[in-house]
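J.: Under my numbering, think of the first position of the sequence shown as 2, with each following residue one higher. Below you'll find the structure I mean.
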Amino acid sequence: MYKPIIGLEVHVELKTKQKMFCGCPTDNFGKEPNTLTCPTCLGLPGALPFTNQEAIKMCAKIGLALNCQLAEKSLFERKNYFYPDLPKGYQISQYRWPLCTNGFLMVADKTDEKRKIRINRVHQEEDTGKLLHPGDQTLIDYNRSGVPLVEVVTEPDFTDTEQVKNYAKLLAQIFRELEVSNAEMEKGDMRLEANVSVSPPGSEGLPNYRVELKNINSFTFMASAITYEIERQIKVLESGEKITQHTRGWDEVKKETFVQREKEEANDYRYFPEPDLPELRIKNLESRIKQEIPELPNMREERLVQDYGLPSSSSATLSASKELAILFEDSVLLGKSKGITPLEISNLLLNVSVKNRPKDSLATISTIEQSKSGIIDDNNQLEVLAGEVITENRRLVESYKSGKVTVIMALVGMVMRKTAGKADPLKTKTILEKLLQS
Ligand SMILES: [Zn+2]
Numbered sequence: 002m003y004k005p006i007i008g009l010e011v012h013v014e015l016k017t018k019q020k021m022f023c024g025c026p027t028d029n030f031g032k033e034p035n036t037l038t039c040p041t042c043l044g045l046p047g048a049l050p051f052t053n054q055e056a057i058k059m060c061a062k063i064g065l066a067l068n069c070q071l072a073e074k075s076l077f078e079r080k081n082y083f084y085p086d087l088p089k090g091y092q093i094s095q096y097r098w099p100l101c102t103n104g105f106l107m108v109a110d111k112t113d114e115k116r117k118i119r120i121n122r123v124h125q126e127e128d129t130g131k132l133l134h135p136g137d138q139t140l141i142d143y144n145r146s147g148v149p150l151v152e153v154v155t156e157p158d159f160t161d162t163e164q165v166k167n168y169a170k171l172l173a174q175i176f177r178e179l180e181v182s183n184a185e186m187e188k189g190d191m192r193l194e195a196n197v198s199v200s201p202p203g204s205e206g207l208p209n210y211r212v213e214l215k216n217i218n219s220f221t222f223m224a225s226a227i228t229y230e231i232e233r234q235i236k237v238l239e240s241g242e243k244i245t246q247h248t249r250g251w252d253e254v255k256k257e258t259f260v261q262r263e264k265e266e267a268n269d270y271r272y273f274p275e276p277d278l279p280e281l282r283i284k285n286l287e288s289r290i291k292q293e294i295p296e297l298p299n300m301r302e303e304r305l306v307q308d309y310g311l312p313s314s315s316s317a318t319l320s321a322s323k324e325l326a327i328l329f330e331d332s333v334l335l336g337k338s339k340g341i342t343p344l345e346i347s348n349l350l351l352n353v354s355v356k357n358r359p360k361d362s363l364a365t366i367s368t369i370e371q372s373k374s375g376i377i378d379d380n381n382q383l384e385v386l387a388g389e390v391i392t393e394n395r396r397l398v399e400s401y402k403s404g405k406v407t408v409i410m411a412l413v414g415m416v417m418r419k420t421a422g423k424a425d426p427l428k429t430k431t432i433l434e435k436l437l438q439s
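Listed below in structure tokens is the structure:
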């Protein structure tokens with residue numbers, strides 16, 4: 002059996018007010034091209050960058066939320082490459098001195114078992130401009146150039162695509178709850194790249210190649226691309242050929258990956274320290290930043306299991322949405338005095354469709370109470386039963402019609418008896434009155 006070896010790089014755009022190294026606004030979705038620019042983010046000669054502190058704190062927050070260590074000293078470097086999406090001729094990024102290193106996240110694999118995914122680094126960089134290709138032209142929009150971007154890089158610890166999907170979804174949810182990004186993939190806030198290789202049976206260590214899957218804009222497409230790539234690589238190796246290091250994209254129509262370009266090595270970028278920006282030393286802010294981290298979905302999931310004895314699968318689903326988890330806990334509090342268990346509440350919330358989900362804890366508890374007591378409050382059903390009671394009790398009906406209205410309670414009692422006490426008495430009375438007046 003070949004063993005898939007997968008690592009993930011996630012880029013996320015931060016929702017700071019200003020760009021990473023200048024004062025231009027970041028809110029560029031749907032804006033007129035090239036209106037949110039200045040000499041710095043256009044890379045004009047003589048313009049100098051300055052560091053956005055808000056972004057650095059957000060980057061540190063992400064790192065700490067992912068159990069990373071915050072560096073004593075961190076540095077920006079220039080990543081040199083020549084391409085029109087970055088007019089400076091280099092991207093300001095981090096290479097040898099990233100802000101955060103050595104973290105981890107526990108992520109469920111395809112057998113639902115939680116496994117440790119090691120986070121190699123979380124570093125700060127800037128986004129590039131956007132190239133558009135209408136017809137045979139190429140147009141450039143620099144509104145996005147210089148928007149703060151954080152990159153989260155894992156070790157090659159994933160062993161199946163389900164786990165990759167779970168990780169990416171969890172990460173997006175963490176970004177949203179930390180309020181550092183909207184993490185909407187369709188808007189390009191969050192971008193995934195996967196490194197995929199397969200290890201032949203019996204071999205030790207990592208393979209000597211890896212294929213990078215790039216420019217894939219949805220969780221589902223990424224999962225399809227990885228699955229395809231694993232099978233493709235196994236076929237190539239089985240036929241005795243070698244796989245070269247390169248980058249591939251995903252063709253959603255043909256459902257296959259295709260070669261984009263041969264891979265650059267890190268030394269092609271000639272990294273060197275950015276001379277125009279100071280070192281980052283924010284270790285002294287660590288405890289303050291940690292205090293600003295709210296309970297995140299992964300922490301919540303563990304706590305719900307511990308506090309309420311929920312099965313881990315239920316806890317995972319409840320925790321994936323903050324609103325749902327709050328509804329659950331509010332309902333537990335309210336249900337306690339009525340003898341309704343957390344498990345009953347979680348079962349109800351997880352078994353109804355999102356559309357039919359109770360709006361608040363009160364609705365949740367009354368739905369459970371009703372289904373437990375088996376109260377019959379369906380109008381049609383009650384009308385049929387009331388009709389039967391009327392035809393079967395002519396004498397009582399006559400005395401009601403002659404003015405003895407208290408007899409109605411005896412008729413309600415007959416309906417109750419027919420339903421072993423489960424008819425809703427108030428509704429039954431209203432229905433009987435209506436039928437007796439007609
Ligand atoms: Zn600017």
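Just so you know, even glycine gets a beta-carbon here, dropped at the ideal spot from N, CA and C.
For the stretch 188-202 and the stretch 210-223, state whether three or more C-beta atom pairs, one from each stretch, are separated by less than 8 Å.
T.: Short answer: they touch.
J.: Any chance you could list the beta strand (DSSP E) runs of at least 3 consecutive residues sitting entirely within the stretch 246-324, in chain order?
T.: The stretch 246-324 contains these whole beta strand (DSSP E) runs: 247-252, 257-263.
J.: For Asn380, which residues from the same chain have a beta carbon less than 8 Å from its beta carbon, with the 5 sequence-adjacent residues on both sides left out?
T.: The residue you call residue 380 lines up with position 379 of the sequence shown. Cβ within range, chain order: Lys428, Ile432.
J.: Can you tell me which of the three DSSP states Glu114 falls into?
T.: Translated into the one-based positions of the sequence shown, residue 114 becomes position 113. Three-state result, Glu114: coil.
J.: Among the residues of its own chain, which have a CB less than 8 Å from the CB of Glu370, if the five just before and after it don't count?
T.: Residue mapping note: residue 370 aligns to position 369 of the sequence shown, counting from 1. These residues qualify, in order along the chain: Lys339, Ile341.
J.: Does the Cβ of Ser69 lie closer than 8 Å to at least one heavy atom of ligand 1?
T.: Counted from its first residue, the sequence shown places residue 69 at position 68. Sequence check: residue 69 is Cys here, not Ser. No, since every heavy atom of ligand 1 falls outside the 8 Å radius drawn around the Cβ of Cys69.
J.: I'd like to know whether the C-beta atoms of Lys423 and Gly388 end up nearer to each other than 9 Å.
T.: To locate residue 423, count along the sequence shown from 1; it is residue 422. To locate residue 388, count along the sequence shown from 1; it is residue 387. No, the Cβ-Cβ distance between Lys423 and Gly388 is not below 9 Å.
J.: With Val197 and Ile235 assumed to form a contact (beta carbons below 8 Å), what rounded beta-carbon distance in angstroms separates them?
T.: Counted from its first residue, the sequence shown places residue 197 at position 196. Counted from its first residue, the sequence shown places residue 235 at position 234. No, Val197 and Ile235 are not in contact; Cβ-Cβ is about 11 Å, not under 8 Å.
J.: For Leu9, which option in Ser204, Pro359, Tyr168 has the closest C-alpha, if you only look at C-alpha atoms?
T.: Taking the sequence shown and counting its residues from 1, the one referred to as residue 9 is at position 8. The shortest Cα separation from Leu9 among Ser204, Pro359, Tyr168 belongs to Tyr168.
J.: Check the C-beta distance from Leu100 over to Leu71 and give it rounded, since I have them as a contact under 8 Å.
T.: The sequence position of residue 100 within the sequence shown is 99, counting from 1. The sequence position of residue 71 within the sequence shown is 70, counting from 1. Confirmed, about 7 Å.
J.: Less than 9 Å separating the beta-carbons of Ile141 and Leu150?
T.: For the purposes of this step, residue 141 is taken as residue 140 along the sequence shown, with counting starting at 1. For the purposes of this step, residue 150 is taken as residue 149 along the sequence shown, with counting starting at 1. No, these two residues do not count as a Cβ contact at 9 Å.
J.: Can you tell me the Cα-Cα spacing of Lys357 and Ser332, whole angstroms?
T.: In the sequence shown, the residue the question calls residue 357 occupies position 356. In the sequence shown, the residue the question calls residue 332 occupies position 331. Just to set this straight, residue 357 is Asn in the shown sequence, not Lys. Rounded to the nearest angstrom, the two C-alpha atoms are 16 Å apart.
J.: Go to Pro174, then tell me how far its alpha helix (DSSP H) extends in each direction, as first and last residue.
T.: Taking the sequence shown and counting its residues from 1, one reaches residue 174 at position 173. According to the sequence as given, residue 174 is Gln; it is not Pro. 162-178 is the extent of the alpha helix (DSSP H) around Gln174.
J.: Is the stretch 318-331 touching the stretch 342-354 in the sense that three or more CB pairs, one from each, lie closer than 8 Å?
T.: As far as the Cβ criterion goes, the stretch 342-354 touches the stretch 318-331, which means the pair count is three or higher.
J.: Going by beta carbon distance, what residues of the same chain come within less than 7 Å of Ser315, once the five residues before and after it are set aside?
T.: As a working note, residue 315 is residue 314 in the sequence shown. Ser347, Leu351, listed in sequence order.
J.: Under 8 Å: does the beta carbon of Leu37 sit that close to some heavy atom of ligand 1?
T.: To locate residue 37, count along the sequence shown from 1; it is residue 36. Yes, the beta carbon of Leu37 sits closer than 8 Å to at least one heavy atom of ligand 1.
J.: Do the stretch 245-256 and the stretch 206-214 make contact, defined as three or more Cβ pairs closer than 8 Å?
T.: Taking 8 Å as the limit for Cβ pairs, the verdict is that the stretch 206-214 does touch the stretch 245-256.
J.: Skipping 5 residues on each side, what residues in its chain have a beta carbon closer than 8 Å to that of Lys74?
T.: For the purposes of this step, residue 74 is taken as residue 73 along the sequence shown, with counting starting at 1. So the list reads Trp98, Glu280, Leu281, Arg282, once near-sequence residues are dropped.
J.: Straight-line CA distance for Leu363 to Glu205?
T.: Here residue 363 is taken as the residue at index 362 of the sequence shown, counted from 1. Here residue 205 is taken as the residue at index 204 of the sequence shown, counted from 1. Roughly 57 Å between the two C-alpha positions.
J.: How far does the beta strand (DSSP E) with Arg192 in it extend, from its first residue to its last?
T.: Looking up residue 192 in the sequence shown gives position 191. Counting along the chain, the beta strand (DSSP E) containing Arg192 begins and ends at 191-200.
J.: Got a sec, what are the start and stop residues for the alpha helix (DSSP H) Val416 sits in?
T.: Working through the sequence shown from its first residue, we reach residue 416 at position 415. Note, Val416: alpha helix (DSSP H), 409-419.
J.: Contact defined as beta carbons within less than 8 Å: I believe Ile366 pairs with Gly336. What is the distance between those atoms, to the nearest angstrom?
T.: Working through the sequence shown from its first residue, we reach residue 366 at position 365. Working through the sequence shown from its first residue, we reach residue 336 at position 335. Between Gly336 and Ile366 the Cβ distance is about 5 Å, and since that is below 8 Å, they are a contact.
J.: Thinking C-alpha only, which one of Met59, Tyr309, Ser354 is nearest Leu334?
T.: Indexing the sequence shown from 1 puts residue 334 at position 333. Checked all of Met59, Tyr309, Ser354; the closest Cα to Leu334 is Tyr309.
J.: Taking 8 Å as the cut-off, is the beta-carbon of Thr365 closer than that to any non-hydrogen atom of ligand 1?
T.: To locate residue 365, count along the sequence shown from 1; it is residue 364. Not so, every heavy atom of ligand 1 lies at least 8 Å from the Cβ.
J.: Identify, in the order they occur along the chain, each residue of the same chain with its Cβ nearer than 6 Å to the Cβ of Arg119, setting aside the five sequence neighbours on each side.
T.: One-based indexing of the sequence shown puts residue 119 at position 118. Counting only Cβ-Cβ distances below 6 Å, and skipping sequence neighbours, we find Phe105, Glu156, Asp158.
J.: Is it buried or exposed for Phe30, if we count other Cβ within 10 angstroms and need 16 for buried?
T.: The residue labelled residue 30 in the question sits at position 29 within the sequence shown. Label assigned to Phe30: exposed.
J.: Going straight from the alpha carbon of Asn121 to that of Gln95, what length do you get?
T.: Residue mapping note: residue 121 aligns to position 120 of the sequence shown, counting from 1. Residue mapping note: residue 95 aligns to position 94 of the sequence shown, counting from 1. Roughly 13 Å separates the two Cα atoms.
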